[in-house]
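Inspection log for the structure reproduced underneath, given as structure tokens.
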Amino acid sequence: MDDQDDIVREFLVESYENLDQLDCDLVSLEKNPRDRERLASVFRAIHTIKGTCGFLAFPKLEAVAHAGESLLSRLRDGQLLLNAEITSGLLALVDAVRSILKNIENDRQEGRGDYAAVVVRMMQLRDGPCEAPAALPTPVPEEPLAHDGQTVGVADANIRVDVGLLDKLVNLVGELVLARNQVLQFTATRRDPAFLHTTQRLNQITTELQEGVMKTRMQPIGNILNKFPRQVRDLAVSCGKQVLLTVEGEETELDKTLLEAIKDPLTHLVRNAVDHGIESPEERRAAGKPPEGRLSLHAFHEGGQVVIEIADDGRGIDPERIRNKALERGLITRDQAGRMVERELLQLIFLPGFSTAEKVTNVSGRGVGMDVVKTNIERIGGAVDVVSRPGQGATVKIKIPLTLAIIPALIVTSGGDRYAIPQVNLLELVRLDGEKAKRGFEHIHGVPVYRLRGKLLPLVFLHKELRVEPATPVSEGGPLHVAVLQAGDRPFGLMVEAINDTEEIVVKPLSKHLKGIPLFAGATIMGDGRVSLILDVLGLAQRAGVVSEVRARKPAEPPALAVNSRPVQVLVLFRFGDGRRMAVPLSLLTRLEEFPSAAVEKTASQEVVQYGEQILPLVRLEQVFPSATGETLAASDSVQVLVFSAHGRSIGLVVGRILDIVETADDMQLGTRREGIFGSVVLQQRVTDLLDVRAVLRAADPTFFEQPVAQWAGERPA
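Just so we're on the same page, our numbering is the position in the sequence shown counted from 1, plus 703.
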């Protein structure tokens, strides 16, 4: 009896695989009915099922498979040409076979279902009018033979392994990795060359074993993507639409657990694209599009993650329609709606209960699904984003890790405890010492930021989010450690007390007491046997307000770095002398230049530099503000210059260092006017003088301005 059960189990596994492939082959054959090789593959699959079920005494299944085989035999021999009606009939046959197999799997019986209608339909299609093929059928290629004359089969190179056994192997390798990490802890304290060599060898073998075992759990994403051609075809027919599906990257591999987790979210996104996104043929013609809509699924590796893009060329998502629907359903307040930009509006589709469908169908419209998609993807450490152009289509991008079992991580310290950050979220590490650390930080609207290569980086202090006291308070001149992380599409800097090392960690689930805390994604055991928590980077960013998440019926806080809706003035911020900060309107400038100090020459008492085909006179601010101590030419290898032009002439204003280009309100209040200064304002939490450009340049060349260049060049703004 056990042997019989094993045979049935093997038959079910093989048959399910054949049915999955049959779905894809039949949809492809509908587009290319003369593909003889694919037709032969379909025939062989049905023939195999029929032959085996006859041996196992499943008469219903045998009758259904035999009817399909009879129809396929006429197609293979060229007596019939495959069309949409025959394709639909064969797909119905596949569904019937799958239903019988499910009954056999449950109780080893075929069930009480009556499949006579399927058999009759196959006979009717088989006996239908013959269609003479336009060309002779291509001969079916012979099976390749091995050198000894025997057929080479896939089964000779593959064996089936129970998933439970693989899970056990992964767990054992995880324990081995923990033991390896503990052994490596002792390596630093031992000076025995033989012991060092042994631990290095152990480390290498453990890594290779880990990679090998993890590969056994990896499956091509095509295992789920290949189910969509059939689903898209059936859905398009039911919706009265024409859809061409293209699938790329089926060979991209992913952990089996993650593959199962993304199956339902992907199915929902594909159904949404067909039902909501792609228009009817009439609508598409009216919009100047081909009647057949295009839907693409593309999977690829990027930065240690798997990215899946679902793109269509349909009507897209209208942000204004989303805004109105969200207001109508009370999901956001009117104040929120007025402040939201397009990207934030698109994120509203992930709110529970949100739908833009005008009517409820059996496909969609109930407002259930997109929030589940987002929740399920984020639960496995992934992220989902949507981009749309109304009238041109929409793209949903999903990013997920390769595996959740053993991951590389950065170990950091905060409050005296160690925490692990998944390396897939890590962009770079920044260490700031002494004066650089003191100068690097600013506050904008009360939010701490760091300027990294000219871009503002929001900062999050880990000890504050964890609500713990730092074990070693950072002194004013001490080093600062910043881990630059990526949360979704938003980078931010995480301030930690110390950066320790990178390790391969084994991810353990959280206990029930910690599962509800969004800051943590799991736990791990370190080499010294202590438990460390794994940080959830996205949850950390959301809690700190770096990544905004609109929640139902809750007024949104204004974005920390939002641009003021009032008219703005763009200023160039610079420093000169002993650190004095000044600004000039960008609209007055022709260019920002930097010249080598050696290029500066003197004619009489005037400093000049060759500027293209011109000679550019230079003016130093120290000439106007003699109390300031400026940098000499010898003190720096280069000079930074603000170039102004008027009436075909140019003049350069030498500054100490150009700091930034900032925006501020056009109607800002200015302080007291002084010689060469229009007034003072606070920019980036620092008092900054607004330079009177006209006065400064007139002091150097009284004839340079015949009339004011702009508002700040002549008269003080109101």
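Backbone N, C-alpha and C fix where the C-beta goes; we use that ideal spot for every residue, glycine too.
Please read these numbers as outputs of a predicted model, since none were measured by experiment.
For D1053, does the three-state DSSP call read helix, strand or coil?
With the sequence shown as reference, residue 1053 is identified as Phe, and Asp is not the correct amino acid for it. In this structure, F1053 counts as helix in the three-state DSSP scheme.
Which residues does DSSP pair with A1226 in a beta bridge?
K1211 and L1236
Where does I1101 sit, in a helix, a strand or coil, going by DSSP?
strand
DSSP three-state label for V821, please.
helix
By how many angstroms is the C-alpha of Q827 removed from the C-alpha of T755?
25 angstroms
Which term fits I1364, buried or exposed, when burial requires 16 or more other beta carbons within 10 angstroms of its beta carbon?
exposed
Please go through the stretch 898-984 and give each complete alpha helix (DSSP H) segment of 4 or more residues, from N-terminal end onward.
925-928, 931-942 and 959-975
In terms of residue numbering, what span does the alpha helix (DSSP H) encompassing P1194 cover?
Segment R1193 to V1199 is the beta strand (DSSP E) holding P1194; no alpha helix (DSSP H) there.
Between the stretch 1100-1112 and the stretch 956-968, do at least 3 Cβ pairs fall closer than 8 angstroms?
yes
CA nearest to the CA of G1427, picked from V745, N884 and E985
Coverage of the chain is limited to positions 704 through 1421, which leaves residue 1427 absent and any answer about it impossible.
When the Cα of R920 is compared with those of I981, K871 and L1292, which residue comes out closest?
K871
Residue from T1116, V821 and P993 whose Cα sits closest to the Cα of E765:
V821
Pull up the distance between the alpha-carbon of R894 and that of T901, whole angstroms please.
12 angstroms
Contact under 8 angstroms by Cβ, I1114 with D1204
yes
Buried versus exposed, by CB contacts within 10 Å (16 or more), G1242:
buried
Beta carbon of S1341 nearer than 8 angstroms to that of F1298
yes
Can you round the beta-carbon distance between A1029 and A1014 to whole angstroms, since I take them to be within the 8 angstroms contact cut?
Contact doesn't hold; Cβ gap of about 24 angstroms is too wide.
Euclidean distance between Cα positions of E1252 and Q1189:
Reliability of the predicted coordinates at E1252 is poor, the pLDDT of 44 falling under 50, and no value is obtained from them.
Among M1229, A1247 and L1222, which has the Cα closest to the Cα of G1196?
A1247
Who are the Cβ neighbours of V973 in its own chain at under 6 angstroms, not counting the five residues just before and after it?
F931
Taking CB distances under 8 angstroms as the criterion, tell me whether G816 reaches chain C.
Although the question refers to chain C, the structure presented lacks it and comprises just one protein chain.
Please check the pair L1049 and V1089, which I expect to be a contact at CB under 8 angstroms, by giving their CB distance rounded to whole angstroms.
5 angstroms
Just to confirm, is the Cβ distance from A1434 to I1080 under 8 angstroms?
Residue 1434 cannot be examined here, being either before or after the span of the chain that is shown, 704 to 1421.
Cα separation between T1183 and L1165?
Checking the displayed sequence, the identity of residue 1183 turns out to be Leu instead of Thr. Taking the straight line from one Cα to the other gives about 13 angstroms.
For M1043, the three-state DSSP class (helix, strand or coil):
coil
For the alpha helix (DSSP H) that E1172 lies in, which residues bound it at each end?
No alpha helix (DSSP H) contains E1172, which DSSP labels as neither H nor E.
Bridge partners - S999, DSSP secondary structure assignment
T949 and A1014
Determine contact between the stretch 987-999 and the stretch 1031-1040, defined as no fewer than three beta-carbon pairs at a distance below 8 angstroms.
no
For Q903, does the count of other Cβ atoms within 10 angstroms reach 16, so buried, or fall short, so exposed?
exposed
Quick check: does the Cβ of D723 come within less than 7 angstroms of any heavy atom belonging to the ligand FAD?
The ligand FAD is absent from the structure shown, which contains no ligands of any kind.
By the 10 Å Cβ neighbour count, where 16 or more other Cβ atoms means buried, how is T909 classified, buried or exposed?
buried
Quick check: what's the CA-CA separation for R1284 versus L1292?
18 angstroms
By alpha-carbon positions, which one of V977, S1117, R1397 and N874 ends up nearest to V1287?
R1397
A882, buried or exposed, once every other Cβ within 10 Å from all chains shown has been counted against 16
exposed
According to the Cβ coordinates, are V1187 and L1160 closer than 8 angstroms?
yes
Cutting at 6 angstroms between CB atoms, please list the residues of its own chain near L928, excluding the five before and the five after it.
V950, E953 and L1000
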